[in-house]
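> In the numbering used here, the protein residues as written are 123 to 259. Ideal placement from N, C-alpha and C gives every residue a C-beta, glycine not left out. Input: one structure, supplied below.
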DNA sequence: GCCAACGTTGGC
DNA sequence: GCCAACGTTGGC
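Structural data, given as structure tokens:
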């Protein structure tokens, strides 16, 4: 199983909205960046992703799982980009903020810190475990 | 294929 | 609101 992080502006798509679609899951669409799209294509059913709120909040708030692997994003007329479908698993018991992650030097190579503009990124198991611990899940 | 100019993202 | 860091575009 692989681990990822999905970034979203809560005004556009929030954790609350995501949890409302828990029977069918919700389409993660609108990615228009090749590196992010490459990551989407590498996701497998059952992979887990952190759900990160950017903008004002800047914290990891929950965990979702992939229930449908990459397919063409119908909102993309160029037919180059893909979506996946994810379903919320559970919220973190304690949100983990970007500030907190940045303070910890173990995370100095974490993509969220290093590549702040990337919206879909891979998370190594060591980071995954550490953040789960910080999030008390 | 290079690179200057421009556009976007997101942290501060 | 600013700006650094990226991405993309288009002329050459």
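1. So, is residue 123 buried or exposed, given that buried needs 16 or more other C-beta atoms within 10 angstroms?
2. Taking the DSSP output, what are the residues bridged to residue 242?
3. Considering only C-alpha positions, which residue in the set 236, 176, 152 and 251 is nearest to residue 193?
4. I believe residue 213 touches residue 168 by the beta-carbon criterion, under 8 Å. Please report the beta-carbon distance rounded to the nearest angstrom.
5. Roughly how far, in whole angstroms, is the beta-carbon of residue 186 from the beta-carbon of residue 173, given that I think they are within contact range, below 8 Å?
6. State the Cα-Cα distance for the pair residue 218 and residue 181, rounded to the nearest angstrom.
7. What residue range is occupied by the uninterrupted alpha helix (DSSP H) comprising residue 170?
8. Quick one: is residue 321 buried, meaning 16 or more other Cβ sit within 10 Å of its Cβ, or exposed?
9. Go to residue 187, then tell me how far its beta strand (DSSP E) extends in each direction, as first and last residue.
10. Can you tell me whether DSSP reads residue 217 as helix, strand or coil?
11. Below 7 Å CB to CB, which residues in the same chain sit around residue 262 once its five sequence neighbours on both sides are set aside?
This is what the structure gives:
1. Per the 10 Å Cβ criterion, exposed.
2. Answer by DSSP bridge pairing, in chain order: 128.
3. Measuring from the Cα of residue 193, the nearest candidate turns out to be 152.
4. Wrong, their Cβ atoms sit about 19 Å apart, outside the cutoff.
5. Going by Cβ atoms, the distance from residue 186 to residue 173 rounds to 5 Å, so yes, they are a contact pair.
6. For the pair residue 218 and residue 181, the Cα-to-Cα distance works out to about 5 Å.
7. Taken as a continuous stretch (DSSP letters only), residue 170 belongs to no alpha helix (DSSP H), being part of the beta strand (DSSP E) at 170-175.
8. Outside the displayed span of the chain (123 to 259) sits residue 321, for which this structure offers no information.
9. Counting along the chain, the beta strand (DSSP E) containing residue 187 begins and ends at 181-194.
10. Residue 217 falls in the strand class under three-state DSSP.
11. Because the chain in this structure spans residues 123 to 259, residue 262 falls outside the shown range and cannot be described.
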